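This note's numbering runs 7 ahead of the 1-based position in the sequence shown. In this text, a Cβ means the ideal position worked out from N, Cα and C, and glycines have one as well. Owing to the predicted nature of the structure, the values given are computational and were not obtained by experimental measurement. Accompanying notes for the structure given below.
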Amino acid sequence: MELFNRRTAMRGALAVAATPLAAGVASADVGAMAFVQKWAPNPGSAGLGAFAGIEDDRSNSHPSATHIFAESNQYRFVMHKSDRDGSDRQRNEVRAIRTGSTRHDMKKGETWRYNYQMYIPTSLKGTTSFSHIFQVKHTGVASPVVTMSLFRSGSLETVEMRLFGAGQAKLGSTPLAPLRNRWIDVEIEIKVADSGSLRYSLKDGGTTVVNASRSGFDTWLGGDQAHPKWGIYRSINDSAQLQDTYLLLRNMKAYRNE
């Protein structure tokens, strides 16, 4: 996988709308719950227009490079060791999803499911401080609701969810090394409420690596609407683990329980 470090024409993709979906398209594995597909962008045609916000080097620490790309069948997030978002962290993320001009936010009491595949290379390390590759955030609330994060304790690196409405409790921690350099299936189901819930799973091919859930904790945090974020957002405190790196995402879909 090649690390991109140049400006490309993908900036123009910001203006390209995500491909509309037919109304009422239900997921094939709907089961007992009526999850209806709301979002399934094609990176090659929707481009970065599939997201409501692009946080690409917003501090202008590396203006000669583009860090977030829509490629033919995947989204690429690049992070250089020298990139900065303020003095103590790095951030190259996309936030919130949209189809055309329609933004799909999570309202209080709703349950949403996000499915996608991610590729974590060897160069993207777990750290002793925060290193997030997915977040759920509320507009106007500083704290995330939940994060998927890469951590390190000694020589062990893990990927896990953190639940900020439950005192940053861990959920579904698993070793990172076996999941590197391959496409991993991710499923995240969240109910946003004062007493909400989260379920998430990781699959490596046909093998379920993580299938964890928790309910009865705050996933609202006094917000007004919630949205997902993807990309690389990490502290620079564990500097020995920081390298030029990237994260790949593909086959991204969002469903709402109706």
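From which residue to which residue does the beta strand (DSSP E) around residue i run?
i: residue 267; result: This structure leaves residue 267 out entirely; the chain is present only between 8 and 265.
i: residue 188; result: Per DSSP, residue 188 belongs to no beta strand (DSSP E) and is neither H nor E.
i: residue 127; result: Taken as a continuous stretch (DSSP letters only), residue 127 belongs to no beta strand (DSSP E), as it is neither H nor E.
i: residue 99; result: 96-106
i: residue 111; result: 109-111
Give the DSSP bridge partners of residue i, in chain order.
i: residue 137; result: Partner(s): none; residue 137 has no beta bridge.
i: residue 263; result: 43 and 119
i: residue 78; result: Paired residue(s): none; residue 78 is not in a bridge.
i: residue 203; result: 224
i: residue 218; result: 208
i: residue 198; result: 118 and 204
i: residue 91; result: Answer by DSSP bridge pairing: none, since residue 91 is not bridged.
Going by DSSP, what residue range makes up the alpha helix (DSSP H) through residue i?
i: residue 50; result: 50-53
Apply the 10 Å Cβ neighbour rule to residue i and answer buried if 16 or more other Cβ atoms are within range, or exposed otherwise.
i: residue 64; result: buried
i: residue 144; result: buried
i: residue 251; result: exposed
i: residue 265; result: exposed
i: residue 67; result: exposed
i: residue 161; result: exposed
i: residue 189; result: exposed
i: residue 262; result: buried
i: residue 114; result: exposed
Give the secondary structure of residue i by DSSP, where H, G and I count as helix, E and B as strand, and everything else as coil.
i: residue 37; result: Because residue 37 sits at a pLDDT of 42, beneath the cut-off of 50, its placement in the model cannot be relied upon, and the following sentence gives the value as read from the coordinates. Residue 37 falls in the coil class under three-state DSSP.
i: residue 182; result: strand
i: residue 72; result: coil
i: residue 59; result: strand
i: residue 156; result: strand
i: residue 173; result: helix
i: residue 248; result: helix
i: residue 146; result: coil
i: residue 67; result: coil
By how many angstroms is the C-alpha of residue j removed from the C-alpha of residue i?
i: residue 256; j: residue 91; result: 22 Å
i: residue 223; j: residue 73; result: 41 Å
i: residue 202; j: residue 60; result: 28 Å
i: residue 232; j: residue 112; result: 6 Å
i: residue 88; j: residue 126; result: 19 Å
i: residue 194; j: residue 210; result: 9 Å
i: residue 163; j: residue 107; result: 42 Å
i: residue 180; j: residue 93; result: 29 Å
i: residue 186; j: residue 243; result: 23 Å
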